[in-house]
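Student: Would you mind keeping the following structure in view while I ask a few things?
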Amino acid sequence: MRSISPTIETVETARRTQMIDVTDRVERAIEQSGVRDGFVIVFVEHTTAAVTIQENADPDVQHDLLMKLEMLVPQLETYYQHDEGNSEAHLKTATLGNSITAIIDNGRMILGRWQGIYFVEFDGPRERRMVIKIVGE
Amino acid sequence: MRSISPTIETVETARRTQMIDVTDRVERAIEQSGVRDGFVIVFVEHTTAAVTIQENADPDVQHDLLMKLEMLVPQLETYYQHDEGNSEAHLKTATLGNSITAIIDNGRMILGRWQGIYFVEFDGPRERRMVIKIVGE
Amino acid sequence: MRSISPTIETVETARRTQMIDVTDRVERAIEQSGVRDGFVIVFVEHTTAAVTIQENADPDVQHDLLMKLEMLVPQLETYYQHDEGNSEAHLKTATLGNSITAIIDNGRMILGRWQGIYFVEFDGPRERRMVIKIVGE
Chain A
418 MRSISPTIET VETARRTQMI DVTDRVERAI EQSGVRDGFV IVFVEHTTAA VTIQENADPD
478 VQHDLLMKLE MLVPQLETYY QHDEGNSEAH LKTATLGNSI TAIIDNGRMI LGRWQGIYFV
538 EFDGPRERRM VIKIVGE
Chain B
418 MRSISPTIET VETARRTQMI DVTDRVERAI EQSGVRDGFV IVFVEHTTAA VTIQENADPD
478 VQHDLLMKLE MLVPQLETYY QHDEGNSEAH LKTATLGNSI TAIIDNGRMI LGRWQGIYFV
538 EFDGPRERRM VIKIVGE
Chain C
418 MRSISPTIET VETARRTQMI DVTDRVERAI EQSGVRDGFV IVFVEHTTAA VTIQENADPD
478 VQHDLLMKLE MLVPQLETYY QHDEGNSEAH LKTATLGNSI TAIIDNGRMI LGRWQGIYFV
538 EFDGPRERRM VIKIVGE
């Protein structure tokens, strides 16, 4: 097995909260690595942006997911002490997580028919960094 | 180190929301792989079903966990746009995550005394797929 | 690539809910392993304590995150059946997750400028166990 040098992807976000499909970027990195059998880690270097695997068919799923999260974890609470006003973005990020791991088999990621990899912005718009690490043979 | 070919497990769920202990299936896959030292990834191929590590002793923990999630993220909200009526299952899945990673040491998973691996259905009953990937030596 | 034997870290918590920065412990384990290129898994052996990557600058972020979680998932609900009175700690743990994976590059973890690794106690004070597994070359 080989541990391929990680690649850095820049993600430009356009709104405060937003899901961006990055599946093709991960697929391209796998293709370029030549790894046929192993796994890939996608890691977000931020504490107010996450990465998750979610439905890639109906964009309404993204709307509903972000909307419900916003209802549960609104931007302002009287008891928040952090003065940047983005405490809720930190909790949302912790909830979804800042990395995903996917399996590579026969040169392709194993993803369900409706699964895509999404970069999730919770405190944009910003320029963000995502690291792709591939391990395999 | 070797990257063992992934195995697919079918999980039959019986209710809309349900936690199913799949620890023994993962243990069996590790045993069959012959790997003594490494790690295992369990990956769920769906966007309305998750996998998590939780208490394996008192089933009331599962009841309380699913019930509280249901209270926080009920099935219907007036602002949901996704017309399949399962937006809440997507958010619950994103919250718990669709994969776990566990360490293999001396041929066995390192799990705490009260830890088990659970497949978590949020939009059943259905026939579901779970992928087990073992890497090690 | 080598699969390094896991090391166990003991974490002493002092309050019911608490975030403890364990980044330096993980860094030390990587240094001692001699691995320059690969990844590390940090795994918590409990079902009422988590591990997450969060902001390491302003401690108010930790306060706000734990406080909001407490508001969303209070300790007592009339419908809880588990008689240990810590059902909420189980759900909080499932939400944050019991493991993280980080990439090792040139002998160091790839972490964003504001990222630290935090052990998160939800049912303390207790003596807890955290496993560090390093894989690489």
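Chains as they are written, first to last, in our numbering: chain A, 418 to 554; chain B, 418 to 554; chain C, 418 to 554.
Using N, Cα and C, we set each Cβ at its ideal position, and we do this for glycine too.
Between the segment 453 to 481 of chain C and chain A, which residues of the former have a C-beta closer than 8 Å to a C-beta of the latter?
Tutor: Within the segment 453 to 481 of chain C, the qualifying residues are Asp454, Gly455, Phe456, Thr469, Ile470, Gln471, Glu472, Asp475, Asp477, Val478, His480, Asp481.
Student: Using beta carbons (cut-off 8 Å, strictly below), is A/Ser420 in contact with chain C?
Tutor: Chain C, which has a Cβ nearer than 8 Å to the Cβ of A/Ser420, makes this yes.
Student: At a CB-CB cut-off below 7 Å, which residues of chain A make contact with C/Gln532?
Tutor: Those within 7 Å of C/Gln532 in chain A are Glu462, Thr464.
Student: I need the DSSP call for A/Thr469, collapsed to helix, strand or coil.
Tutor: Strand.
Student: According to DSSP, simplified to helix, strand and coil, what is C/Ser420?
Tutor: In the structure shown, C/Ser420 sits in a strand (DSSP, three-state: E or B).
Student: When the distance is taken between beta carbons, is C/Val548 closer than 8 Å to C/Ala466?
Tutor: No, these two residues do not count as a Cβ contact at 8 Å.
Student: Taking 8 Å as the CB-CB cut-off, is C/Pro423 touching chain B?
Tutor: With 8 Å as the cut-off, C/Pro423 counts as an interface residue toward chain B.
Student: Can you tell me the Cβ-Cβ gap for A/Val457 and A/Val443, rounded? I've got them flagged as a contact below 8 Å.
Tutor: Yes, they are in contact, since the Cβ atoms of A/Val457 and A/Val443 sit about 6 Å apart, within 8 Å.
Student: What number of angstroms, rounded off, separates the C-alpha of B/Leu482 from the C-alpha of A/Gln449?
Tutor: Going by the C-alpha atoms only, they are around 42 Å apart.
Student: I'd like the span of the alpha helix (DSSP H) that includes B/Arg546, first residue to last.
Tutor: B/Arg546 -> not in any alpha helix (DSSP H); beta strand (DSSP E) instead, spanning 544 to 553.
Student: At 7 Å on the CB atoms, spell out the chain C contacts of A/Tyr497, in chain order.
Tutor: Going along chain C in sequence order, the residues near A/Tyr497 (Cβ under 7 Å) are Asp481.
Student: At the 8 Å Cβ level, is B/Asn515 part of the contact set with chain A, yes or no?
Tutor: Yes, B/Asn515 lies at the interface with chain A (some Cβ there is under 8 Å from its Cβ).
Student: Keeping to the same chain, check which residues put their C-beta closer than 6 Å to that of B/Ile520; ignore five residues upstream and five downstream.
Tutor: So the qualifying residues of the chain are Phe456, Ile527.
Student: On the criterion of 16 or more Cβ atoms from any shown chain inside 10 Å, does B/Gly514 qualify as buried, or is it exposed?
Tutor: Answer is buried; the Cβ neighbour count reaches 16.
Student: Note down, in chain order, each residue of its chain lying with its Cβ closer than 7 Å to the Cβ of B/Ile551, except the 5 sequence neighbours on either side.
Tutor: Excluding positions up to five away in sequence, the list reads Ile421, Ala446, Ile447, Ser450, Val452, Gly455, Val457.
Student: Tell me which residue opens and which closes the alpha helix (DSSP H) that B/Glu448 is part of.
Tutor: Start and end: 440 to 450.
Student: Which two residues bound the contiguous beta strand (DSSP E) that contains B/Gln532?
Tutor: Counting along the chain, the beta strand (DSSP E) containing B/Gln532 begins and ends at 532 to 538.
Student: Quick test of your reading: A/Thr440 and A/Gly533, contact by CB under 8 Å. State the CB separation rounded to the nearest angstrom.
Tutor: Confirmed, about 5 Å.
Student: According to a CB-to-CB cut-off of less than 8 Å, which residues of the segment 535 to 552 of chain A neighbour chain C?
Tutor: Those residues of the segment 535 to 552 of chain A that come within reach of chain C (Cβ to Cβ, closer than 8 Å) are Arg546, Val548, Lys550, Val552.
Student: Using 8 Å as the threshold, is the C-beta distance between B/Thr464 and A/Gln498 below it?
Tutor: No, the pair does not count as a contact, with Cβ atoms beyond the cut-off.
Student: Any chance the CB of B/Met436 is under 7 Å from a heavy atom of the ligand NAD?
Tutor: Summarising the ligand content, the structure contains no ligands, and the ligand NAD is consequently not present.
Student: Where does C/Tyr573 land, buried or exposed, given buried means 16+ other C-beta within 10 angstroms?
Tutor: Here chain C covers residues 418 to 554 and nothing more, so residue 573 of chain C does not appear.
Student: Whole-angstrom Cβ separation of C/Val428 and C/Arg545, contact assumed at under 8 Å?
Tutor: That belief holds up - the Cβ atoms of C/Val428 and C/Arg545 are roughly 4 Å apart, short of 8 Å.
Student: Rounded to whole angstroms, what is the Cα-Cα separation between A/Asp438 and C/Asp500?
Tutor: Using only the alpha carbons, I get a separation of about 43 Å.
Student: Indicate whether at least one CB of chain C lies closer than 8 Å to the CB of B/Thr440.
Tutor: Judged by the 8 Å Cβ criterion, B/Thr440 is not in contact with chain C.
Student: Taking buried to mean at least 16 other C-beta atoms within 10 Å of its own C-beta, is C/Met436 buried or exposed?
Tutor: C/Met436 comes out buried.
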